[in-house]
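Take a look at the structure below.
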Amino acid sequence: MTQPFRLQALLDYRRQLEDEQMRALAEVTVEEQRVRDAITALDRHREEQTAALAALVAGGTFDAEGYTQRAAYLDAIGLALDQQAAALEVAAARVRERREALVEALKDRRVLERLRDRQADEAAVEDGRHEARGVDDMMMTRHQRAP
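Here the numbering used here is used: the sequence shown runs in plain steps of one and ends on residue 1508.
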């Protein structure tokens, strides 16, 4: 008869930790994607404003106030892009950290599962031996009774 896995509670705990690490990785990945999307939107907006600024200059008459306003706005977009680039570095680092933590959690769980499987294999072999001994004993008993 096979014994229950002595470390089942620990294995269940490791699975729970792994699930938590997966959720944490998903959260920081979403955050990283949000920052990437913001950078993409800012890049697109910068291109639109640059084109509008070029059209303003090429329009024939020069509007100094409009030019100054658009140039200031482009500078603000540039600052926002710099901030988002810094936020992206932080988010990417958090994703790497969470991914490494998840890999460690996976390794811990797999070690326990291999131990459980090894224990089950050893128990199956022992059960086979026990059954074979029972058959041997039965055969010896029959052999001894035979005239």
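Glycine included, every Cβ here is placed at the ideal spot set by N, Cα and C.
With contacts defined by Cβ atoms closer than 8 angstroms, isoleucine 1438 and leucine 1414 do not form a contacting pair.
Between leucine 1368 and leucine 1476, the C-beta gap is smaller than 8 angstroms, which places the two residues in contact. Here DSSP, grouped into helix, strand and coil, assigns glutamine 1394 to helix.
Aspartate 1424 sits in coil when the DSSP states are folded into three classes, being neither helix nor strand. Beyond the five residues adjoining it in sequence on each side, leucine 1467 comes within less than 8 angstroms, by CB distance, of Glu1379 in the same chain, given in chain order. The shortest CA-to-CA distance from arginine 1376 to any of Val1456, Phe1423 and Val1472 is the one to Val1472. Taking a cut-off of 8 angstroms for Cβ pairs, the stretch 1483 to 1492 and the stretch 1415 to 1430 do not touch, as fewer than three such pairs fall below it. Each residue's CA atom was taken as its position, placing methionine 1500 and glutamate 1461 some 58 angstroms apart. Between leucine 1449 and valine 1396, the CB-CB gap stays under 8 angstroms. Its chain contains no residue whose beta carbon lies nearer than 6 angstroms to that of glycine 1421 once the 5 sequence neighbours on both sides are disregarded. Within the same chain, Leu1473 come within 7 angstroms of leucine 1371 by CB-CB distance, once the 5 residues on both sides are set aside. Measuring C-alpha to C-alpha distances from glutamate 1465 to each of Asp1478, Phe1366, Leu1386 and Tyr1434 identifies Leu1386 as the nearest.
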